[in-house]
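Sequential numbering from 526 applies to the sequence shown in the numbering used here. Glycine included, C-beta positions come from ideal geometry on N, C-alpha and C. Notes follow the structure.
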Amino acid sequence: MIFACVVATAGVVALTGCTEKKEAQQPKKQETRVTPSATKASPKINKVQRQTRVQETAVSEKTPKREDKPTSDAKAILGSLVLAKPNEVRLFVARDFPGNKLASIRGSVLVEGSTSVPAHLYPALNYKYFSAKLLQDVKPPVNVILKLSADGYTEAEIRTTIAAIVKGQENEKIVPSASNPREYTALVKDELQRLKQSVAMGNLELAGEVLGNLRESVNGLALTSKENVEMALQAPLTSIDTAITSMTEAQKKGDVEEARNIAAQVEAVIEDRVAPYFVNE
């Protein structure tokens, strides 16, 4: 009887014949071994590995894991919501929320009655809290609309009132967070609109922060996309880096007109050189 044996090495699957003792009577073919020095490293290895990663990501996006099917209300994420500064809202996650789901939390904050783009909640170091920077300073009590979601949780819209500013809190580095090109596309679009709005309002300090978030969102889009997209987005990233430096100088001088010019240049870069790689569905 002949059995099929599967041998997997370096991502390559080969089938070999396996026999019973009778096979021992057959002469074995001499194996030819190739030493590393006898061949040159194939430049296709990284490409194959990257294609495999991209394919796996695509499959995982189309086929959600069983345990990630929405079964709970995202209201369970909310521990507390506070004002850390007149323009910064911080979300502290409920203590009983699963730690392995923290990275999947997505959310935004919008002041009731505001016509601005909602401020995305971005995680601080080690997920101590999530921060959202408002376009305008607010005074408590302030009514806000909080949207929350996470893997395995249905999206929730929560209307609540923030009663006071809680001062003396530690400030951690905040970085935009997403998991796939579609989510990063949405962040790029929203942060571009927030950049234009903050400059129009003359809030150059916030404009600088938003521009930094925009840069990280474009970089996230590059890193979660195919290799050709990642390479194509390097030049726009360099242009945005230059714009960040220029925006810092404009902020120091209080030059609103220069800030508007910078924002217009960034918008052109996004529309001409980044938008072709957006993933909208």
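So, do the region 669-681 and the region 596-615 have three or more beta carbon pairs nearer to each other than 8 Å? Yes, they touch.
Cβ of Ser629 less than 8 Å from any chain B Cβ? Absent here is chain B; the protein component of the structure consists of one chain.
Residue of Tyr709, Ala657, Asn744 minimising C-alpha distance to Lys698: Start at 1 with the first residue of the sequence shown, and residue 698 comes out as number 173. Comparing Cα-Cα distances from Lys698 to each of Tyr709, Ala657, Asn744, the minimum goes to Ala657.
Integer-rounded CB distance, given that Gln694 should sit under 8 Å from Ala619: In the sequence shown, counting from the first residue as 1, residue 619 sits at position 94. In the sequence shown, counting from the first residue as 1, residue 694 sits at position 169. Their Cβ separation, rounded to whole angstroms, is 18 Å, which puts Ala619 and Gln694 out of contact at 8 Å.
Tell me where the beta strand (DSSP E) around Ile769 begins and ends. To locate residue 769, count along the sequence shown from 1; it is residue 244. Taken as a continuous stretch (DSSP letters only), Ile769 belongs to no beta strand (DSSP E), being part of the alpha helix (DSSP H) at 759-778.
Can you round the beta-carbon distance between Val691 and Val634 to whole angstroms, since I take them to be within the 8 Å contact cut? In the sequence shown, the residue the question calls residue 691 occupies position 166. In the sequence shown, the residue the question calls residue 634 occupies position 109. Contact doesn't hold; Cβ gap of about 15 Å is too wide.
Please identify the residue among Gly745, Ile687, Glu782 whose C-alpha is closest to the C-alpha of Ala732. Within the sequence shown, residue 732 is the residue found at index 207, counting from 1. Nearest C-alpha to Ala732: Glu782.
What is the C-beta distance between Leu729 and Glu792, in whole angstroms, given that I count them as a contact (C-beta under 8 Å)? In the sequence shown, the residue the question calls residue 729 occupies position 204. In the sequence shown, the residue the question calls residue 792 occupies position 267. So it is not a contact: roughly 16 Å between Cβ atoms.
With distances taken between CB atoms, is the gap from Val804 to Pro701 smaller than 8 Å? For the purposes of this step, residue 804 is taken as residue 279 along the sequence shown, with counting starting at 1. For the purposes of this step, residue 701 is taken as residue 176 along the sequence shown, with counting starting at 1. Not a contact, by the Cβ cut-off of 8 Å.
Could you tell me if Leu616 is buried or exposed, where buried requires 16 or more neighbouring beta carbons within 10 angstroms of its beta carbon? Counted from its first residue, the sequence shown places residue 616 at position 91. Leu616 is buried by the Cβ-count criterion.
Neighbourhood of Leu659 by C-beta, 6 Å cutoff - its chain only, sequence neighbours within 5 removed: Taking the first residue of the sequence shown as position 1, residue 659 is located at position 134. The answer, listed in chain order, is Asn612, Ala644.
Leaving aside the five residues before and after Pro665 along the sequence, list all residues of the same chain whose C-beta is less than 7 Å from its C-beta, in chain order. Here the question's residue 665 lines up with position 140 in the sequence shown. Its chain contains Leu608, Ile687, Ala688, Ala689, Ile690 as the residues whose beta carbon lies nearer than 7 Å to that of Pro665, once the 5 sequence neighbours on both sides are disregarded; these appear in chain order.
Return the CA-CA distance between Met772 and Glu680, expressed in angstroms with no decimal places. On the sequence shown, position 247 is the one that residue 772 refers to. On the sequence shown, position 155 is the one that residue 680 refers to. Rounded to whole angstroms, Met772 to Glu680 spans 36 Å at the Cα level.
Let me know the alpha helix (DSSP H) ranges lying completely inside the region 691-730, each 4 residues or longer, listed in chain order. 706-725
Beta-carbon gap between Ile795 and Val713 smaller than 8 Å: In the sequence shown, counting from the first residue as 1, residue 795 sits at position 270. In the sequence shown, counting from the first residue as 1, residue 713 sits at position 188. Yes, the pair counts as a contact, with Cβ atoms nearer than the cut-off.
Mind reading off the beta-carbon distance from Arg740 to Val642? Whole number of angstroms is fine, and I expect it under 8 Å. In the sequence shown, counting from the first residue as 1, residue 740 sits at position 215. In the sequence shown, counting from the first residue as 1, residue 642 sits at position 117. That belief does not hold up - the Cβ atoms of Arg740 and Val642 are roughly 17 Å apart, past 8 Å.
DSSP three-state assignment for Arg785, whether helix, strand or coil: Within the sequence shown, numbered from 1, the residue matching residue 785 stands at position 260. Look at Arg785 here: in three-state DSSP terms it is helix.
Measure the CB-CB distance between Leu627 and Tyr647 and report whether it falls below 8 Å. Walking along the sequence shown from the start, residue 627 turns up at place 102. Walking along the sequence shown from the start, residue 647 turns up at place 122. No, they are not a contact pair.
Can you tell me the Cα-Cα spacing of Ile630 and Gly604, whole angstroms? Position 105 of the sequence shown, counted from the start, is the residue given in the question as residue 630. Position 79 of the sequence shown, counted from the start, is the residue given in the question as residue 604. Computed Cα separation, rounded: 13 Å.
Measure the Cβ-Cβ separation of Gly745 and Tyr802 and say whether it is below 8 Å. Your numbering for residue 745 matches position 220 in the sequence shown. Your numbering for residue 802 matches position 277 in the sequence shown. In this structure, Tyr802 does not lie closer than 8 Å to Gly745 by Cβ.
What does DSSP give as the partner residues of Val618 in its beta bridges? Stepping through the sequence shown from its first residue, residue 618 is reached at position 93. Leu603, per the DSSP bridge assignment.
Closest to Asp780 by C-alpha separation, out of Val754, Asn738, Met726, would be which residue? Residue numbering aside, residue 780 sits at position 255 when the sequence shown is read from its first letter. Taking only the C-alpha atoms, the option nearest Asp780 is Met726.
With DSSP as the reference, please indicate the residues paired to Leu646 in a beta bridge. Reading the sequence shown from its first residue, position 121 is the one you call residue 646. Answer is none; Leu646 lacks a bridge partner.
Glu682 to Val636, Cα distance in whole Å? As a working mapping, residue 682 is identified with position 157 in the sequence shown. As a working mapping, residue 636 is identified with position 111 in the sequence shown. In a straight line, the C-alpha of Glu682 is about 13 Å away from that of Val636.
Rounded to whole angstroms, what's the CA-CA distance from Lys751 to Pro761? Just pull it up for me. Sequence index remark: in the sequence shown, residue 751 carries index 226 (1-based). Sequence index remark: in the sequence shown, residue 761 carries index 236 (1-based). A straight-line Cα-Cα distance of about 16 Å links Lys751 and Pro761.
Could you tell me the boundaries of the beta strand (DSSP E) in which Thr596 lies? Taking the sequence shown and counting its residues from 1, the one referred to as residue 596 is at position 71. Segment: none, Thr596 is in no beta strand (DSSP E) and carries neither H nor E.
For Gln790, which residues of its own chain have a beta-carbon under 7 Å away from its beta-carbon, when the five flanking residues on both sides are left out? To locate residue 790, count along the sequence shown from 1; it is residue 265. Closer than 7 Å at the Cβ level, and outside the excluded window around Gln790, lie Ala768.
Length of the line joining the Cα atoms of Ser567 and Thr763: Translated into the one-based positions of the sequence shown, residue 567 becomes position 42. Translated into the one-based positions of the sequence shown, residue 763 becomes position 238. Note that Ser567 has pLDDT 39, beneath the 50 cutoff, so the model's placement of it is unreliable and the number below is only indicative. Approximately 30 Å, taken between the alpha carbons.
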